[in-house]
Amino acid sequence: YFVHRNQQERSESEILSGQSSQSHQTHLASIFSLLEENIMTFVKKELKMFKRILSPELPEGFESQKQDKEVVDAEDEKQESSAREGALKITLHVLRKMNQKELADTLEKNSDEFAVICQRELKSHLKKKFQCVFEGIAKQGNPTLLNKIYTELYITEGGTGEINNEHELRQIETTTRKQARPETAIKCNDIFRPLTGQDKPIRTVLTKGVAG
Numbered sequence: 001y002f003v004h005r006n007q008q009e010r011s012e013s014e015i016l017s018g019q020s021s022q023s024h025q026t027h028l029a030s031i032f033s034l035l036e037e038n039i040m041t042f043v044k045k046e047l048k049m050f051k052r053i054l055s056p057e058l059p060e061g062f063e064s065q066k067q068d069k070e071v072v073d074a075e076d077e078k079q080e081s082s083a084r085e086g087a088l089k090i091t092l093h094v095l096r097k098m099n100q101k102e103l104a105d106t107l108e109k110n111s112d113e114f115a116v117i118c119q120r121e122l123k124s125h126l127k128k129k130f131q132c133v134f135e136g137i138a139k140q141g142n143p144t145l146l147n148k149i150y151t152e153l154y155i156t157e158g159g160t161g162e163i164n165n166e167h168e169l170r171q172i173e174t175t176t177r178k179q180a181r182p183e184t185a186i187k188c189n190d191i192f193r194p195l196t197g198q199d200k201p202i203r204t205v206l207t208k209g210v211a212g
């Protein structure tokens with residue numbers, strides 16, 4: 001009886017394992033089918049771009065590539081840039097295998113120039129996009145330049161004092177602190193530059209503020 005039962009349980013286990021494996025293979029096949037479709041779409045898009053780069057109307061092609069393109073997330077942009085570099089390397093390799101060395105060299109040279117122009121256009125677009133903000137509800141307030149909203153930072157060297165253990169909303173700036181020198185106005189891009197009379201660069205900056 002026990003032998004028969006063990007054989008039956010083993011058989012059921014093998015059936016379930018086989019079904020699970022088959023389901024996994026089906027799911028994997030579906031994923032790779034979609035992956036192949038996305039890769040082919042990406043490669044065709046990049047090949048079309050490379051063809052435009054190799055066309056005689058190169059400057060005009062450059063100017064129209066980045067127009068009206070939405071700014072994507074920085075990490076997504078980084079991954080997309082890496083993928084494009086990979087597509088370019090594969091294309092150059094295949095062209096040279098096809099004995100099209102001159103065409104590959106031209107594509108490689110023009111791609112470097114194209115990358116520089118795209119970076120310049122992207123920087124210009126970001127500068128225009130983020131040079132002002134809308135007060136109140138987005139797109140409904142009056143645009144205001146950032147340098148008209150934010151004040152300059154003030155930096156103080158060597159501030160000392162006891163640790164304030166009270167909640168900042170109950171007790172604000174009640175701990176006596178002694179400053180080594182008066183506060184000095186400083187721009188955000190100068191926050192790590194040495195102060196007057198200092199030789200070593202500043203590597204750590206502690207910022208503090210008042211609640212509210």
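In this note's numbering, the protein residues as written are 1 to 212.
A virtual CB, placed ideally from N, CA and C, is assigned to each residue, including glycine.
Keep in mind that this is a model prediction, so the values were computed, not measured.
CA-to-CA distance, isoleucine 186 to aspartate 76, given in whole angstroms: 34 Å
How about the stretch 82 to 92 and the stretch 39 to 57: do they share at least three Cβ pairs that are nearer than 8 Å? yes
What's the call for phenylalanine 114, buried or exposed, on a 16-neighbour Cβ count within 10 Å? buried
Does threonine 196 come out as helix, strand or coil in the three-state DSSP assignment? coil
Leucine 195 burial status per 10 Å Cβ neighbour count (16 or more: buried): exposed
According to the neighbour-count rule (16 or more other Cβ atoms, all chains shown, within 10 Å of its Cβ), is serine 111 buried or exposed? buried
Measuring straight from C-alpha to C-alpha, what distance separates lysine 48 and histidine 125? 24 Å
Thinking C-beta only, is leucine 122 closer than 8 Å to isoleucine 53? no
Here's a check: name, in chain order, each residue in its chain whose Cβ is nearer than 7 Å to the Cβ of alanine 104, leaving out the five neighbours to either side. Leu92, Leu95, Arg96
Determine the extent of the alpha helix (DSSP H) in which valine 116 is found, giving its start and end residues. 101 to 130
What number of angstroms, rounded off, separates the C-alpha of alanine 83 from the C-alpha of methionine 98? 23 Å
Checking contacts by CB at 8 Å: is leucine 107 closer than that to chain C? Of the chains in the structure shown, none is chain C; there is only one protein chain.
For a test of the three-state rule: what should DSSP assign to isoleucine 186, helix, strand or coil? strand
Is phenylalanine 50 buried or exposed, if buried means 16 or more other CB atoms sit within 10 Å of its CB? buried
Through-space distance from lysine 127 to proline 201, alpha-carbon basis: 29 Å
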